[in-house]
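This note's numbering numbers the first residue of the sequence shown as 786 and each following residue consecutively. Every residue, glycine too, gets a C-beta built ideally from N, C-alpha and C. Here the structure is a predicted model, which is why all the values come from computation and not from measurement.
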Amino acid sequence: MPARVDLPSLLLVLLGLLVVYVPEYAELFRGLWRTDEQGHGPIIFAVSLWLLFKQRHKLAELDSRPATISGSLVLAFGALLYAFGRSQSIWIFSIGSQIWVLAGLALIFKGWRGLRLIWFPLFFMLFMVPLPEALVAAVTAPLKTAVSYVASGLLYNMGLPIGRSGVMLTVGQYQLLVADACAGLNSMFTLEALGMLYMNLMRYTSVARNVTLALLLVPIAFAANIGRVIILVLVTYFFGDAAGQGFVHGFAGMVLFMLALMLMLAADRVLGFFFKSERGAQA
């Protein structure tokens, strides 16, 4: 516990946050976060809390320069967003509201310097906010088609007897449906979050380098999804449908992130030849 922390105020704020948001997270853990598409939510949540926890001493040591008006407006907006999202069961509002609430509290207690200190953990929370189903469906359909097209083309050139009809792949006597979790928006969203965390930990001072790497994460995530589909098709073709849908199916998800991480590190290494690699202070 930081030495300069105002313990009564901290406990009161934590109690309020727990009363408001624990029911929301309880519902997420019982439902949405148990699905393959949103399974990254708890990880993003835990990392966000860890990033905030790391800043506790610096935040407590900051001189208090409250931005009361700005903080109150931001906090009120977050409260209204939560009330609307909670009453209408709209996750993007009820869960997303905590970013505004925490930003408002930082402004009220510490001012703009406090908000700048914790901006990345708050920004990182965006990646755990459940996206609207309509948006996910609209973006996922063409993504799955593109992944299926590229994966089937590569496997065909490798000599496998594979055919494709939309997002349905036929290899030998087996048919595989490319699901949302294998090639959808949520997996790309998770990989983008992984890249953002990597850039924060590396602390590069070059804005151009960070922006370029962030943009490269989109094709990197796409390539990683293709790799996951290819692995599942190969396992199913050579070892049967039971193997492809068993442990290997879950393991392919781990391979997805390992492959994305290797591609990201390779891209970062290449960018090092074009951009200066100075690093800032600990983020």
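The C-beta separation of Val832 from Leu982 comes to about 6 Å, placing the pair in contact by the 8 Å criterion. The Cβ atoms of His825 and Phe878 lie no closer than 9 Å to each other. The bridge partners DSSP lists for Thr1021 come to none. Assigned with DSSP and collapsed to three states, Ile893 falls in helix. Gly863 is the residue among Val1014, Gly863, Leu803 and Gly1025 whose C-alpha sits nearest the C-alpha of Gln883.
In the DSSP assignment, Gly948 falls outside any alpha helix (DSSP H) and within the unbroken beta strand (DSSP E) covering Ile947 to Ser950.
Residue state for Thr990 is assigned as coil, using DSSP reduced to three classes. Judged by pairs of C-beta atoms under 8 Å, the region 1012-1027 touches the region 945-959, as three or more such pairs exist. With contacts defined as CB atoms closer than 9 Å, Ala1006 and Leu1050 fail to qualify as a contacting pair.
In this structure the region 901-910 lies against the region 836-849, because at least three pairs of beta carbons, one per stretch, are closer than 8 Å. For the 9 Å CB-CB criterion, Ile829 and Phe908 do not form a contact. Contact between Val1003 and Met973 holds, with the beta-carbon distance rounding to 7 Å and staying under 8 Å. Around the CB of Phe838, fewer than 16 other CB atoms lie within 10 Å, so the residue is classed as exposed. Thr853 carries a helical assignment under DSSP once its states are collapsed to helix, strand and coil.
Of all C-beta pairs linking the region 1052-1062 to the region 984-996, three or more are shorter than 8 Å, placing the two stretches in contact.
Counting along the chain, Leu800 sits inside the alpha helix (DSSP H) bounded by residues Leu792 to Arg815. When C-alpha distances from Pro917 are compared across Ile875, Leu1048, Ser937 and Leu892, the shortest belongs to Ile875. The Cβ neighbour count for Ser950, taken over all protein chains shown within 10 Å, is under 16; the residue is labelled exposed. Judged by DSSP in its simplified three-state form, Val956 adopts strand.
Residues Val798, Gly856 and Leu860 of the same chain have their beta carbon placed closer than 8 Å to that of Leu890, with the five preceding and five following residues left out of the count. DSSP lists Leu954 as the bridge partner or partners of Leu961.
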